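Chemist:
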Amino acid sequence: MSSAEPPTGPPTTDLTPPEAARWAARAGLPLPADRHDSVAATANQLLSVVAVLRELDFGDTPPASAYRAESTHSTEEEQHDAAV
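Going left to right, the sequence shown walks through residues 12 to 95 as this note's numbering numbers them.
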């Protein structure tokens, strides 16, 4: 792929600083040259976390819409103390 050609999909290996700069530019966020290394390192860390999350087996876990948020105790019992 030439440097003028935009990336076609998410990376499957570690992102290099020039690739990170191209992805950022494609997203409308041109980076100064001194930021390429740190952005690539951050992107690689995020990609590794996402890879681990994709490997999780949620099995029979229902979607979030199946849950109702409700208190397990009354508000009269609850004491809030904002003093620090």
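C-beta atoms are modelled at their ideal positions from N, C-alpha and C, and glycine is treated no differently. Values in this document were obtained by computation on a predicted structure and should not be read as measured data.
Are the C-beta atoms of E30 and some chain E residue less than 8 Å apart?
Modeler: Looking at the structure shown, chain E is missing, and only one protein chain is on hand.
Chemist: Please classify L26: is it buried, with 16 or more other beta-carbons within 10 angstroms of its beta-carbon, or exposed?
Modeler: The residue in question, L26, is buried, as its Cβ has 16 or more Cβ neighbours within 10 Å.
Chemist: Does the segment 46-60 come into contact with the segment 26-38, if we say contact requires no fewer than three beta-carbon pairs (one atom in each stretch) closer than 8 Å?
Modeler: Contact holds: three or more Cβ-Cβ distances are below 8 Å.
Chemist: Please report the distance separating the alpha-carbon of R65 from that of P74.
Modeler: Distance between the alpha carbons of R65 and P74: 16 Å.
Chemist: Return helix, strand or coil for S13, following the three-state DSSP convention.
Modeler: Its pLDDT being 48, under 50, S13 is placed unreliably by the model, and nothing is read from it.
Chemist: For D45, which of helix, strand or coil comes out of DSSP?
Modeler: Three-state result, D45: helix.
Chemist: Rounded to the nearest angstrom, what separates E81 and T72 at their Cα positions?
Modeler: Approximately 19 Å between the Cα atoms of the pair.
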